[in-house]
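Working notes for the structure below.
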Amino acid sequence: MNDKNQELREMLNLMPKMELGFLPTPIHHLKRLSEIMGVKIYMKRDDYAGIGQFGGNKVRKLNYLMADAVKNHADTVITYGASQSNHAMQTAQACNRMGIKPILYLVDLLEGEEEPKANMILNKILGAEIILEPALGDTFSEGLKRCRAKAKVKMNKLKEKGHHCYEIPMGGANAIGTMGFIEGFLEMKEQTEELEIHVEHIYHPSGSGGTLAGLAAGKKLTDSPVFIHGVGVGISHDRYDEEVSDLANEALKNLGSTLRVTPGDFQFHGEYGGEGYEMPTLEAEDAMRLLAQVEGIFLDPVYTAKAFSGMIDQIRSGVIKSGSTVLFWHTGGLQALFAEKEILGHLI
Ligand SMILES: *Cc1c(COP(=O)(O)O)cnc(C)c1O
């Protein structure tokens, strides 16, 4: 029994939490890819995290966020994202599971698209209330600002009618959601110790940064020597490392820990994101074909393929030494394989 693991498990048990998905998610060895790359590669399958078949990393955050919504007597949950947001779709699933009404404010980055695809189809089947905000050639963050202003008016109206609204930020990236990946780190650590896998590097796609923050905080809390690599997906950030650290530290405070994360506790690689969010890269497309053709496993073009291309590049270029043990955290999002052509690029 590892004392640090046990201690963290006990701290987490004090936090309000739902059990929305299927945890722990599996970890398995990618044997053929490992032979090709000359490093031991394992995969953590949060694409199997649930809630539904198109699962992903947001389920871990929603376990804590939805528990907080219930604590606040919410009958309505409002959240934000891009029109193909996995977070928004998974939030709608979580709401439906709990009998709470989901309202999604989505910035439409793909204007002029004729018919709904991928997550937009799923959102409609889920019966979520959807407010599509045209990007109007503006930046995503400008669109998001307009969404927030509209949501504020809506929330006031709902409040007047006696409703209780609970707001979840984009990506579920606040201190409460981040708790889900502190727990995720502990889950991975316990599993790999049990399986006697000595993971040296973890790679995952990083968007809002909540996943990276949680993993970094989990590393800190358990005093783990593993290197955490977040790979950017084309969202431009000014103070990304600081924001991720702040998020991790808020979560650590909520847990009652005096430990603090600094940008030195993780590595963020922004150079694999291409020209922007939801904009394909040739390297990500190659990564998708490679993994599918060697292991039969799919990646999504927006997140996991970009992260995988970054990991492959760092192995090939020798940044990751041959013989090392690497874990790729599959964060889901596979419904994007059926998204708009702009997102799929040259895959088809
Ligand atoms: C949201 C998302 C991420 C990024 O997670 P963050 O916590 O927002 O950084 C990665 N992969 C997929 C598939 C996602 O939906």
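Numbering (the working numbering), first residue to last: 1025 to 1372.
Just so you know, even glycine gets a beta-carbon here, dropped at the ideal spot from N, CA and C.
Quick one: what's got a C-beta closer than 6 Å to residue i's C-beta in the same chain, skipping five residues either side?
i	result
residue 1035	1279
residue 1143	1108, 1113, 1359
residue 1321	1315
residue 1127	1102, 1153
residue 1251	1225
residue 1157	1131, 1167, 1170, 1171
residue 1061	1339
residue 1348	1063, 1224
residue 1294	1256
residue 1274	1199
residue 1276	1241, 1283
residue 1042	1087, 1090, 1091
residue 1307	1333
residue 1264	1292
residue 1371	1309
Would you mind reading off the limits of the beta strand (DSSP E) that contains residue i?
i	result
residue 1289	Looking at the DSSP string, residue 1289 is not in any beta strand (DSSP E), and its letter there is neither H nor E.
residue 1191	1189-1192
residue 965	No answer is possible for residue 965: the residues shown for the chain start at 1025 and end at 1372.
Give the DSSP-derived three-state secondary structure of residue i in the structure shown.
i	result
residue 1075	coil
residue 1210	helix
residue 1349	strand
residue 1068	strand
residue 1222	coil
residue 1227	strand
residue 1356	strand
residue 1036	helix
residue 1197	coil
residue 1041	coil
residue 1303	coil
residue 1058	helix
residue 1372	coil
residue 1324	coil
residue 1216	helix
residue 1204	helix
residue 1234	helix
residue 1149	helix
residue 1362	helix
residue 1026	coil
residue 1295	coil
Which residues mark the beginning and the end of the alpha helix (DSSP H) in which residue i is found?
i	result
residue 1100	Premise fails: residue 1100 lies in the beta strand (DSSP E), 1100-1106, not in any alpha helix (DSSP H).
residue 1165	1164-1184
residue 1312	1306-1319
residue 1156	That residue, residue 1156, is in no alpha helix (DSSP H); its beta strand (DSSP E) goes 1153-1158.
residue 1083	1082-1095
residue 1339	1328-1340
residue 1366	1365-1368
Going by beta carbon distance, what residues of the same chain come within less than 7 Å of residue i, once the five residues before and after it are set aside?
i	result
residue 1089	1192, 1196, 1200, 1201
residue 1075	1044, 1045, 1083, 1114, 1117, 1118, 1121
residue 1327	1229, 1231, 1257, 1355, 1357
residue 1266	1287
residue 1362	1141, 1142
residue 1093	1101, 1124, 1190
residue 1174	1129, 1155
residue 1110	1080, 1082, 1143, 1356, 1357
residue 1324	1357, 1358, 1360, 1361
residue 1159	1131, 1132, 1133, 1135, 1167
residue 1071	1079, 1080, 1354, 1356, 1358
residue 1148	1140
residue 1346	1062, 1063
Within the same chain, show all residues whose beta-carbon is closer than 8 Å to that of residue i, passing over the 5 residues directly before and after it, in chain order.
i	result
residue 1051	1066, 1067, 1068, 1069, 1212, 1215, 1216, 1219, 1221, 1351
residue 1182	1100, 1189
Check: Where are the beta strand (DSSP E) runs, 3 residues long or more, that stay fully inside the stretch 1237-1278, in chain order?
Finding: DSSP runs (the beta strand (DSSP E)) wholly in the stretch 1237-1278: 1251-1256.
Next item on the list: Just list the alpha helix (DSSP H) runs in the stretch 1106-1144, keeping only unbroken ones of 4 residues or longer that don't cross its boundaries, in chain order.
Entry: Taking only runs of at least 4 residues, the alpha helix (DSSP H) segments lying wholly in the stretch 1106-1144 are 1110-1122.
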